[in-house]
Amino acid sequence: MGYLVTCLGILLLIDLYSQVNRDIILSALVYIFRLMVYINFLLMIVYPDGVYTVNDIYSSAVTRYNFLGLDNQTGPYFILLMTLSLCRQYTRGSRINVLCKTDIVICIISILFLWSATAVVGLIIFLAFILLISKNKHLANLRTSYLIIGLLFVIVVIFQATTMLKPIFEGLLNKDVTLTGRTFIWKEAISMIILKPILGYGIQDSPNLVYFFIYQDFRTAHNEYLQVWLQGGIGCVLILIAQLSRVRRVISQSGYQDKSSLILRGGIVTILVMMLTESYGQMLVFYVLIFYTYFHHRHYLIRT
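The sequence shown: position 260 = 764 (my numbering), numbered continuously.
Given below as C-alpha coordinates:
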(Lines of atoms letter the chains of each structure in order from A; the text may use other names.)
(Lines give C-alpha, C1' and ligand atoms only; values in the text may rest on other atoms or scores of the structure.)
Protein backbone atom coordinates (compact mmCIF):
# COMPACT_ATOMS: atom_id res chain seq x y z
CA MET A 505 0.00 0.00 0.00
CA GLY A 506 2.88 2.34 0.74
CA TYR A 507 4.33 1.79 -2.74
CA LEU A 508 0.87 2.28 -4.29
CA VAL A 509 0.16 5.58 -2.56
CA THR A 510 3.57 7.19 -2.84
CA CYS A 511 4.61 5.98 -6.28
CA LEU A 512 1.78 4.67 -8.43
CA GLY A 513 -0.63 7.30 -7.13
CA ILE A 514 1.57 10.12 -8.41
CA LEU A 515 2.08 8.38 -11.74
CA LEU A 516 -1.65 7.89 -12.21
CA LEU A 517 -2.21 11.60 -11.58
CA ILE A 518 0.37 12.40 -14.25
CA ASP A 519 -1.41 10.04 -16.64
CA LEU A 520 -4.78 11.66 -15.87
CA TYR A 521 -3.92 15.35 -16.02
CA SER A 522 -1.00 15.69 -18.43
CA GLN A 523 -3.24 14.74 -21.36
CA VAL A 524 -5.44 17.74 -20.55
CA ASN A 525 -3.02 20.39 -19.34
CA ARG A 526 0.67 19.58 -19.24
CA ASP A 527 1.57 22.86 -17.54
CA ILE A 528 -0.69 22.18 -14.56
CA ILE A 529 0.85 18.81 -13.72
CA LEU A 530 4.39 20.14 -14.31
CA SER A 531 3.76 23.09 -12.00
CA ALA A 532 2.27 20.79 -9.36
CA LEU A 533 5.31 18.50 -9.48
CA VAL A 534 7.68 21.48 -9.20
CA TYR A 535 5.82 22.84 -6.17
CA ILE A 536 5.68 19.42 -4.45
CA PHE A 537 9.37 18.61 -4.82
CA ARG A 538 10.42 22.22 -4.20
CA LEU A 539 8.65 22.07 -0.85
CA MET A 540 10.37 18.78 0.03
CA VAL A 541 13.84 20.04 -0.93
CA TYR A 542 13.40 23.40 0.80
CA ILE A 543 12.25 21.75 4.04
CA ASN A 544 15.26 19.44 3.84
CA PHE A 545 17.55 22.44 3.26
CA LEU A 546 16.21 24.39 6.25
CA LEU A 547 16.49 21.37 8.53
CA MET A 548 20.09 20.81 7.37
CA ILE A 549 20.87 24.32 8.58
CA VAL A 550 19.10 23.84 11.91
CA TYR A 551 20.33 20.26 12.40
CA PRO A 552 23.66 19.97 10.52
CA ASP A 553 24.32 16.60 12.17
CA GLY A 554 20.99 15.25 10.94
CA VAL A 555 17.40 15.34 12.14
CA TYR A 556 18.31 12.12 13.92
CA THR A 557 21.19 9.66 13.88
CA VAL A 558 21.61 5.90 14.12
CA ASN A 559 24.62 4.15 15.64
CA ASP A 560 25.91 1.02 13.89
CA ILE A 561 26.71 -1.56 16.57
CA TYR A 562 29.24 -3.33 14.32
CA SER A 563 31.24 -0.48 12.83
CA SER A 564 30.57 2.18 15.52
CA ALA A 565 29.66 4.50 12.64
CA VAL A 566 27.05 7.21 13.14
CA THR A 567 24.57 7.47 10.27
CA ARG A 568 22.94 10.84 9.69
CA TYR A 569 19.31 10.99 8.57
CA ASN A 570 17.88 14.15 7.02
CA PHE A 571 14.29 15.04 6.19
CA LEU A 572 14.66 13.27 2.82
CA GLY A 573 16.57 10.35 4.32
CA LEU A 574 20.16 9.16 4.21
CA ASP A 575 22.76 11.46 2.67
CA ASN A 576 23.43 9.11 -0.24
CA GLN A 577 19.69 8.58 -0.87
CA THR A 578 18.75 12.23 -1.36
CA GLY A 579 20.63 13.01 -4.58
CA PRO A 580 17.79 12.13 -7.01
CA TYR A 581 15.45 14.63 -5.30
CA PHE A 582 17.83 17.48 -6.10
CA ILE A 583 18.36 16.35 -9.69
CA LEU A 584 14.59 16.00 -10.16
CA LEU A 585 13.81 19.46 -8.81
CA MET A 586 16.44 21.12 -11.03
CA THR A 587 15.16 19.16 -14.03
CA LEU A 588 11.47 19.96 -13.51
CA SER A 589 12.07 23.59 -12.55
CA LEU A 590 14.20 24.27 -15.65
CA CYS A 591 11.80 22.31 -17.85
CA ARG A 592 8.89 24.41 -16.60
CA GLN A 593 10.65 27.65 -17.51
CA TYR A 594 11.63 26.50 -21.01
CA THR A 595 8.20 24.95 -21.66
CA ARG A 596 6.67 28.36 -21.05
CA GLY A 597 9.21 29.90 -23.39
CA SER A 598 10.40 32.26 -20.66
CA ARG A 599 13.84 33.01 -19.30
CA ILE A 600 15.03 31.40 -16.07
CA ASN A 601 13.43 33.38 -13.26
CA VAL A 602 14.69 34.06 -9.75
CA LEU A 603 12.78 31.20 -8.17
CA CYS A 604 14.16 28.68 -10.67
CA LYS A 605 17.69 29.98 -10.03
CA THR A 606 17.03 29.64 -6.30
CA ASP A 607 15.99 26.01 -6.83
CA ILE A 608 19.26 25.30 -8.60
CA VAL A 609 21.41 27.06 -5.99
CA ILE A 610 19.71 25.28 -3.08
CA CYS A 611 20.07 21.90 -4.80
CA ILE A 612 23.77 22.48 -5.51
CA ILE A 613 24.46 23.65 -1.93
CA SER A 614 22.56 20.65 -0.55
CA ILE A 615 24.57 18.21 -2.66
CA LEU A 616 27.88 19.80 -1.67
CA PHE A 617 26.88 19.91 2.00
CA LEU A 618 25.87 16.26 2.13
CA TRP A 619 28.80 15.30 -0.12
CA SER A 620 27.54 11.99 -1.35
CA ALA A 621 30.05 10.99 -4.02
CA THR A 622 27.24 9.61 -6.18
CA ALA A 623 25.26 12.86 -5.94
CA VAL A 624 28.37 14.94 -6.73
CA VAL A 625 29.00 12.84 -9.84
CA GLY A 626 25.33 13.21 -10.74
CA LEU A 627 25.53 16.99 -10.40
CA ILE A 628 28.60 17.11 -12.67
CA ILE A 629 26.89 14.93 -15.28
CA PHE A 630 23.69 16.99 -15.17
CA LEU A 631 25.51 20.31 -15.58
CA ALA A 632 27.73 18.88 -18.33
CA PHE A 633 24.71 17.51 -20.15
CA ILE A 634 22.98 20.88 -20.06
CA LEU A 635 25.99 23.09 -20.77
CA LEU A 636 28.01 20.98 -23.20
CA ILE A 637 25.67 18.58 -25.00
CA SER A 638 23.23 21.40 -25.69
CA LYS A 639 25.80 22.59 -28.24
CA ASN A 640 25.32 19.35 -30.17
CA LYS A 641 21.84 17.88 -29.75
CA HIS A 642 22.82 14.68 -31.58
CA LEU A 643 24.99 13.76 -28.58
CA ALA A 644 21.88 13.90 -26.39
CA ASN A 645 20.37 10.87 -28.11
CA LEU A 646 19.05 8.54 -25.40
CA ARG A 647 20.02 5.44 -27.36
CA THR A 648 23.67 6.48 -27.16
CA SER A 649 23.33 7.33 -23.47
CA TYR A 650 21.73 3.97 -22.71
CA LEU A 651 24.53 2.12 -24.49
CA ILE A 652 27.23 4.04 -22.58
CA ILE A 653 25.52 3.39 -19.23
CA GLY A 654 25.11 -0.29 -20.11
CA LEU A 655 28.81 -0.47 -20.97
CA LEU A 656 29.71 1.16 -17.65
CA PHE A 657 27.52 -1.37 -15.84
CA VAL A 658 29.35 -4.28 -17.47
CA ILE A 659 32.83 -2.82 -16.91
CA VAL A 660 32.43 -1.39 -13.39
CA VAL A 661 29.80 -3.66 -11.82
CA ILE A 662 30.01 -7.02 -13.59
CA PHE A 663 33.78 -7.17 -14.27
CA GLN A 664 34.60 -4.68 -11.46
CA ALA A 665 37.41 -3.06 -13.42
CA THR A 666 37.52 -0.14 -10.99
CA THR A 667 41.31 0.10 -10.89
CA MET A 668 41.29 1.73 -14.33
CA LEU A 669 39.26 4.57 -12.81
CA LYS A 670 41.43 4.84 -9.69
CA PRO A 671 42.52 8.48 -10.29
CA ILE A 672 38.87 9.58 -10.45
CA PHE A 673 37.77 7.59 -7.41
CA GLU A 674 40.70 8.51 -5.17
CA GLY A 675 41.39 12.00 -6.46
CA LEU A 676 37.99 13.54 -7.18
CA LEU A 677 35.62 11.46 -5.04
CA ASN A 678 37.93 10.50 -2.17
CA LYS A 679 36.92 6.83 -2.53
CA ASP A 680 39.00 3.66 -2.70
CA VAL A 681 38.77 1.36 -5.71
CA THR A 682 36.20 -0.82 -3.90
CA LEU A 683 33.93 2.25 -3.67
CA THR A 684 33.60 1.83 0.09
CA GLY A 685 33.04 -1.90 -0.19
CA ARG A 686 30.51 -1.73 -3.01
CA THR A 687 32.46 -4.13 -5.21
CA PHE A 688 32.16 -6.80 -2.49
CA ILE A 689 28.41 -6.18 -2.24
CA TRP A 690 28.02 -6.36 -6.05
CA LYS A 691 29.88 -9.66 -6.17
CA GLU A 692 27.61 -11.16 -3.49
CA ALA A 693 24.49 -9.74 -5.18
CA ILE A 694 25.49 -11.28 -8.51
CA SER A 695 26.02 -14.64 -6.78
CA MET A 696 22.52 -14.38 -5.30
CA ILE A 697 21.01 -13.48 -8.68
CA ILE A 698 22.63 -16.53 -10.29
CA LEU A 699 20.78 -18.72 -7.78
CA LYS A 700 17.36 -17.18 -8.53
CA PRO A 701 17.58 -15.36 -11.88
CA ILE A 702 13.97 -15.82 -12.99
CA LEU A 703 11.78 -14.87 -10.01
CA GLY A 704 14.30 -13.18 -7.73
CA TYR A 705 13.73 -12.98 -3.98
CA GLY A 706 10.50 -10.98 -3.96
CA ILE A 707 9.66 -7.61 -2.46
CA GLN A 708 10.90 -7.63 1.14
CA ASP A 709 9.89 -5.53 4.11
CA SER A 710 13.47 -4.24 3.91
CA PRO A 711 15.55 -3.71 0.76
CA ASN A 712 18.60 -5.02 2.64
CA LEU A 713 19.07 -8.40 0.96
CA VAL A 714 22.82 -8.69 0.43
CA TYR A 715 25.10 -9.91 3.23
CA PHE A 716 28.08 -7.56 3.69
CA PHE A 717 30.74 -9.58 5.48
CA ILE A 718 32.89 -6.56 6.35
CA TYR A 719 30.25 -5.15 8.75
CA GLN A 720 28.54 -8.51 9.26
CA ASP A 721 25.11 -7.20 8.33
CA PHE A 722 22.77 -6.92 5.33
CA ARG A 723 22.71 -4.08 2.83
CA THR A 724 21.02 -3.12 -0.42
CA ALA A 725 22.86 -4.09 -3.59
CA HIS A 726 24.09 -0.47 -3.86
CA ASN A 727 23.19 -0.71 -7.52
CA GLU A 728 19.59 -0.19 -8.58
CA TYR A 729 19.80 -2.55 -11.54
CA LEU A 730 21.06 -5.41 -9.38
CA GLN A 731 18.46 -4.51 -6.75
CA VAL A 732 15.62 -4.71 -9.28
CA TRP A 733 16.88 -8.09 -10.46
CA LEU A 734 17.25 -9.36 -6.89
CA GLN A 735 13.71 -8.41 -5.91
CA GLY A 736 11.79 -8.96 -9.14
CA GLY A 737 13.87 -11.34 -11.22
CA ILE A 738 14.53 -11.03 -14.93
CA GLY A 739 10.89 -10.04 -15.53
CA CYS A 740 11.24 -6.76 -13.64
CA VAL A 741 14.54 -6.01 -15.38
CA LEU A 742 12.84 -6.43 -18.76
CA ILE A 743 9.96 -4.18 -17.64
CA LEU A 744 12.45 -1.47 -16.65
CA ILE A 745 14.20 -1.79 -20.03
CA ALA A 746 10.83 -1.63 -21.81
CA GLN A 747 9.89 1.57 -19.95
CA LEU A 748 13.17 3.24 -20.85
CA SER A 749 12.83 2.10 -24.44
CA ARG A 750 9.31 3.49 -24.68
CA VAL A 751 10.40 6.87 -23.36
CA ARG A 752 13.21 6.96 -25.91
CA ARG A 753 10.85 6.09 -28.76
CA VAL A 754 8.25 8.73 -27.93
CA ILE A 755 10.99 11.38 -27.75
CA SER A 756 12.31 10.21 -31.11
CA GLN A 757 8.82 10.28 -32.67
CA SER A 758 8.10 13.78 -31.43
CA GLY A 759 11.37 15.13 -32.74
CA TYR A 760 11.16 17.51 -29.82
CA GLN A 761 14.57 19.13 -29.76
CA ASP A 762 13.91 22.25 -27.68
CA LYS A 763 15.57 23.00 -24.34
CA SER A 764 12.81 21.48 -22.18
CA SER A 765 13.28 18.12 -23.92
CA LEU A 766 17.04 18.35 -23.48
CA ILE A 767 16.64 19.10 -19.76
CA LEU A 768 14.39 16.07 -19.25
CA ARG A 769 16.81 13.77 -21.06
CA GLY A 770 19.66 15.16 -18.98
CA GLY A 771 17.78 14.36 -15.77
CA ILE A 772 17.06 10.80 -16.92
CA VAL A 773 20.67 10.12 -17.92
CA THR A 774 21.97 11.60 -14.66
CA ILE A 775 19.80 9.42 -12.41
CA LEU A 776 20.53 6.33 -14.53
CA VAL A 777 24.24 6.89 -13.93
CA MET A 778 23.69 7.49 -10.20
CA MET A 779 21.81 4.18 -10.03
CA LEU A 780 25.06 2.39 -10.93
CA THR A 781 26.40 2.89 -7.40
CA GLU A 782 23.24 3.40 -5.32
CA SER A 783 19.93 1.68 -4.75
CA TYR A 784 17.02 4.05 -4.21
CA GLY A 785 14.34 1.70 -2.96
CA GLN A 786 11.03 2.17 -4.75
CA MET A 787 12.63 4.65 -7.20
CA LEU A 788 9.81 7.18 -6.76
CA VAL A 789 11.87 10.07 -8.13
CA PHE A 790 13.05 8.10 -11.16
CA TYR A 791 9.57 6.91 -12.12
CA VAL A 792 8.08 10.38 -11.72
CA LEU A 793 10.75 11.69 -14.10
CA ILE A 794 10.41 9.04 -16.83
CA PHE A 795 6.60 9.05 -16.70
CA TYR A 796 6.44 12.83 -16.92
CA THR A 797 8.99 12.81 -19.76
CA TYR A 798 6.84 10.29 -21.63
CA PHE A 799 3.68 12.37 -21.26
CA HIS A 800 5.52 15.62 -21.98
CA HIS A 801 6.45 14.35 -25.42
CA ARG A 802 3.20 12.44 -26.00
CA HIS A 803 1.32 15.67 -25.33
CA TYR A 804 3.36 17.27 -28.11
CA LEU A 805 2.52 14.41 -30.50
CA ILE A 806 -1.21 14.65 -29.72
CA ARG A 807 -1.20 18.41 -30.18
CA THR A 808 0.54 18.24 -33.56
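Don't be surprised by glycine CBs; every beta carbon is placed ideally from N, CA and C.
Backbone CA spacing between residue i and residue j [nearest angstrom]
{"i": "Q735", "j": "M586", "result": "30 Å"}
{"i": "L766", "j": "F717", "result": "43 Å"}
{"i": "N544", "j": "Y581", "result": "10 Å"}
{"i": "I615", "j": "V624", "result": "6 Å"}
{"i": "Y796", "j": "D680", "result": "37 Å"}
{"i": "I608", "j": "L546", "result": "15 Å"}
{"i": "I662", "j": "I528", "result": "42 Å"}
{"i": "R753", "j": "A632", "result": "24 Å"}
{"i": "V792", "j": "L539", "result": "16 Å"}
{"i": "L655", "j": "G759", "result": "26 Å"}
{"i": "M696", "j": "Y551", "result": "39 Å"}
{"i": "L730", "j": "F537", "result": "27 Å"}
{"i": "Y784", "j": "L618", "result": "16 Å"}
{"i": "N570", "j": "F790", "result": "20 Å"}
{"i": "L768", "j": "S649", "result": "13 Å"}
{"i": "S531", "j": "K605", "result": "16 Å"}
{"i": "Q720", "j": "S749", "result": "39 Å"}
{"i": "L651", "j": "Q747", "result": "15 Å"}
{"i": "F630", "j": "S710", "result": "30 Å"}
DSSP-derived helix/strand/coil call for residue i
{"i": "T687", "result": "helix"}
{"i": "N570", "result": "strand"}
{"i": "F722", "result": "strand"}
{"i": "Y784", "result": "coil"}
{"i": "N559", "result": "strand"}
{"i": "F799", "result": "helix"}
{"i": "V741", "result": "helix"}
{"i": "Y715", "result": "strand"}
{"i": "Q664", "result": "coil"}
{"i": "W619", "result": "coil"}
{"i": "G554", "result": "coil"}
{"i": "L703", "result": "coil"}
{"i": "S710", "result": "coil"}
{"i": "I613", "result": "helix"}
{"i": "D762", "result": "coil"}
{"i": "M779", "result": "coil"}
{"i": "K605", "result": "helix"}
{"i": "D680", "result": "coil"}
{"i": "N645", "result": "coil"}
{"i": "R753", "result": "helix"}
{"i": "R596", "result": "coil"}
{"i": "N525", "result": "coil"}
{"i": "L533", "result": "helix"}
Within 7 Å, strictly: CB atoms of residue i and residue j
{"i": "I628", "j": "T774", "result": "no"}
{"i": "V732", "j": "L744", "result": "yes"}
{"i": "I613", "j": "G770", "result": "no"}
{"i": "H801", "j": "I755", "result": "yes"}
{"i": "S589", "j": "V534", "result": "yes"}
{"i": "T567", "j": "V555", "result": "no"}
{"i": "V449", "j": "I794", "result": "Residue coverage of the chain in this structure runs from 505 to 808, which leaves residue 449 outside it and unanswerable."}
{"i": "M779", "j": "G626", "result": "no"}
{"i": "I653", "j": "L776", "result": "yes"}
Cutoff 7 Å; reference residue i; Cβ partners in own chain excluding five residues on either side
{"i": "T781", "result": "T622, L683, R686, H726, N727"}
{"i": "S764", "result": "C591, Y594, T595"}
{"i": "I689", "result": "V714, F716, R723, A725, H726"}
{"i": "L707", "result": "Note that residue 707 is Ile in the sequence shown here, rather than Leu. Answer for I707: Q735, listed in chain order."}
{"i": "Y542", "result": "I610"}
{"i": "F657", "result": "Y729, L780"}
{"i": "T667", "result": "V681"}
Close-in-space but distant-in-sequence residues of the same chain around residue i (CB under 6 Å, 5 per side omitted)
{"i": "S620", "result": "D575, N576, G579"}
{"i": "I659", "result": "A665"}
{"i": "Y798", "result": "V751, V754"}
{"i": "L572", "result": "N544, T578, Y581"}
8 Å Cβ shell around residue i - same chain, five flanking residues per side excluded
{"i": "K691", "result": "Q664"}
{"i": "N601", "result": "Q593"}
{"i": "Y762", "result": "For the record, residue 762 in the displayed sequence is Asp; it is not Tyr. Excluding residues within five positions, the ones whose Cβ falls inside 8 Å are Y594."}
{"i": "R526", "result": "T595, F799, H800, H803"}
{"i": "V741", "result": "Y729, V732, W733"}
{"i": "D553", "result": "R568"}
At least 3 beta-carbon pairs within less than 8 Å: the region 733-749 vs the region 701-711: yes
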